[in-house]
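Take a look at the structure below.
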Amino acid sequence: MSERKEPDSPPVESVNSSEEDLPAVRGRVPYKVWLVQGLYFLERAAFYGLSQPLQNYLQLSPDDPIRPGALGLGQARAVLIIYIWFVYSYSTPLIGGLLADCWLGRRKTIQVGFLIYVLGLSIVTATAFTQRIYGTGGLPGFIVGMLLVGAGTGTVKPNITVFLIDQFPEEEPKVVTLKNGKSAMVSRELTIQFIWNANYWMINVGGLCGIITTNVERYAYAGFGFAFLICLCLIVTSATIFQAGYTKFETAPPSGNAIADLFGALRRRRNPAHPRPDQTEVEVQSSVQEDSPASPSNDAAIIADAKSALRACLVFLPFPALMLSINLMDSTLIAQAGTMQTNGLPNDIMYNLNPISVMVFLPFFQSWIYPTLAKKKINFSPEHRIGVGLFCATLAIAYATGIQHLIYATGPCFSRPLKCLPGNIPNDVSVGFQTPTYVFLGWAEILAIVAGTQLAYSRAPASMKSIVQALFNLFSALGSLLGGGVSFAAYDPNMVIVYGSITGLLLFVTLGFELSYFVRRKRSN
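Next up, the structure:
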């Protein structure tokens, strides 16, 4: 078993003045990091491959002449169920983070998460087949299975992102010679930024699994069952590889019950009989041993860690609005595509333009935009990247509002698409007009979500890294909660108002975040 202790803070290295002036470059990425990247790729492929057919599975009936579904619940109820599931899936990471940091450790928690994940997907897959063949079992199986899938992904997701950096231990700073003969300083920060970007790139490669599952859903007999079976095979493969390398992975041991320790420290602070940090050493030793768990120094460290975690969470405040816009890709934007001319393509295949745009543009940001700004000494900090990402999301939903207006202005059914003629005929607007929406949202993810993940890790205390990652996911859950409220109005002919309202919210959040960032920078300067 390979365990290591996480340092509370990076070691201070002695670097001479000439080395301080050297350009910074990223270092070598250990093979264990790439192995964990591969595991996460398979898990995300299973997750996105499962989530993309859900709108059609829930909304449409099996006898729909254009796009056969399964449960026939209608658009509004399908959107509501999907948002409830997203809220649940983004909330369960808090439990997964607590399990990892306080009791089981990250490695054991991920192992348990994979087991729950496989069980849930097995139920969803089996009942999708019974629904198609026997016309029964689909809805109860979906509910039970998706509850387990949400618990599984909530246990795996916040821990595997931190587990990724566990495989990249601290190293002494060193000078290397580049291919051009010049010297450079290896930067751990740049290497970790590269790891996060590579991680997000691979997540979006996994997202392309939706191309396969949405086509299988449409063209295969019992298509939804076979689509979900693909996802089950992916998660079983990921879990098997993880189990095979279980003892070889690095892992930080659990640090104890951080939440209970915090409440204990706060309770003791209010107790007048408990020693205070400003007491003399003799006074402290007369009442409690300094190295005991209840000593003033330990209590101060616990409270300082909690404050550090809270400061790390402040930057997550705009993410509910951002995730509201991103989650539209799994629900209302799929429904919007269903009211447009798709020329024989499944309407839910359009979602895949988003991961494709991330795959295309993320290397461009990593290899050209960020280095160019750094050379010009422009501080494109993670906070500023979040602000620009929010603006890209605002543009995306503003554009979707315009497309929705175009759909309503075009026949044959105008503001009642699919409902005015026999055969569920869509309006005469090409689904290709949706493309910029997915590209803008891809840019928003590249800028904001990668930066948010990076800040959640770098600013969290060592004892609470999984918990802070889980809180990052919890703010995303609030976005899904907002989406659940939106779903009650998410049907024709209301969609222009729905998209326009979300655009206004995003613009307000973007301006507020950028203003607060500007004020904080001015104060710090």
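Residue numbers (this note's numbering): 1 to 525.
By construction, the Cβ of each residue, glycine as well, lies at the ideal position given by its N, Cα and C atoms.
By Cβ distance below 6 Å, which residues in the same chain neighbour residue i in space, the five residues on each side in sequence not counted?
i    : result
I66  : N424
Y83  : S480, G483, G484 and S487
P93  : G154, K157, P158, A470 and N473
K32  : Q167
T127 : G137, G138 and G141
G500 : T401
If you check the beta carbons only, do residue i and residue j fall under 8 Å apart?
i    : j    : result
V79  : A477 : no
G150 : F319 : no
T401 : T503 : yes
F168 : I143 : no
T155 : I116 : yes
P53  : F242 : no
G145 : V124 : yes
V29  : T251 : no
G27  : C209 : no
V468 : A462 : no
A184 : P382 : no
Y408 : V496 : yes
A220 : L322 : no
R106 : Y246 : no
P62  : T214 : no
D330 : Q59  : no
P426 : L418 : yes
L506 : S325 : yes
F380 : T510 : no
Apart from the five residues on each side of it in sequence, which residues of its chain come closer than 7 Å, Cβ to Cβ, to residue i?
i    : result
Y90  : N473, L474, S476, A477 and S480
F365 : I446
A306 : L262
A198 : Q37
A526 : What is shown of the chain runs 1 to 525, which leaves residue 526 out entirely.
D299 : A265, R268 and R269
A312 : L455, A456, R459, A460 and V468
What did DSSP end up calling residue i once you bin it into helix, strand or coil?
i    : result
A321 : helix
M340 : coil
A540 : Outside the shown range of the chain, which is 1 to 525, sits residue 540, and nothing can be said about it.
T401 : helix
T247 : helix
V118 : helix
S51  : helix
T136 : coil
T177 : strand
A460 : coil
R416 : coil
R26  : strand
S61  : coil
S308 : helix
S331 : coil
S238 : helix
R521 : helix
D291 : Here the model assigns D291 a pLDDT of 47, short of 50, so the residue's position is not dependable and the matter cannot be decided.
S381 : coil
Since residue i and residue j are thought to touch, with beta carbons under 8 Å apart, how far apart are those beta carbons, to the nearest angstrom?
i    : j    : result
A396 : T437 : 5 Å
T109 : G96  : 6 Å
Q75  : Y491 : 5 Å
D101 : M464 : 6 Å
V358 : G452 : Contact doesn't hold; Cβ gap of about 15 Å is too wide.
V205 : F361 : That belief does not hold up - the Cβ atoms of V205 and F361 are roughly 14 Å apart, past 8 Å.
P253 : W103 : About 11 Å separates the two Cβ atoms, so there is no contact after all.
F114 : A239 : 4 Å
D348 : I369 : Going by Cβ atoms, the distance from D348 to I369 rounds to 31 Å, so no, they are not a contact pair.
P493 : S367 : About 45 Å; that fails the 8 Å criterion.
What does a CB cutoff of less than 8 Å around residue i pick up in its chain, not counting 5 residues either side in sequence?
i    : result
I303 : L262, A265, L266 and R269
V25  : V176, L178, A184, M185, V186, S187 and L190
V118 : G152, L232, I235, V236 and A239
Cβ of residue i less than 8 Å from any chain D Cβ?
i    : result
M185 : Absence of chain D from the displayed structure is noted, only one protein chain being present.
Query raised in the report: For the stretch 326-343 against the stretch 428-437, are there 3 or more C-beta pairs whose distance is under 8 Å?
Result: Short answer: they touch.
With three or more C-beta pairs closer than 8 Å as the rule, is the stretch 172-185 touching the stretch 124-141?
no
- prompt: Between the stretch 381-389 and the stretch 444-456, do three or more beta carbon pairs fall short of 8 Å?
  reply: With the cut-off at 8 Å, the stretch 381-389 and the stretch 444-456 touch.
_Below 8 Å, how does it come out for the stretch 231-250 and the stretch 52-71: are there three or more Cβ pairs, yes or no?_
Under the Cβ criterion (8 Å, minimum of three pairs), the stretch 231-250 does not count as touching the stretch 52-71.
Does the structure place the stretch 39-49 close enough to the stretch 216-232 that three or more beta carbon pairs sit under 8 Å? yes
Count Cβ pairs between the stretch 452-464 and the stretch 345-362 that sit closer than 8 Å; are there 3 or more? no
ask   = Using 8 Å as the Cβ pair cut-off and three pairs as the minimum, do the stretch 409-426 and the stretch 360-379 touch?
value = no
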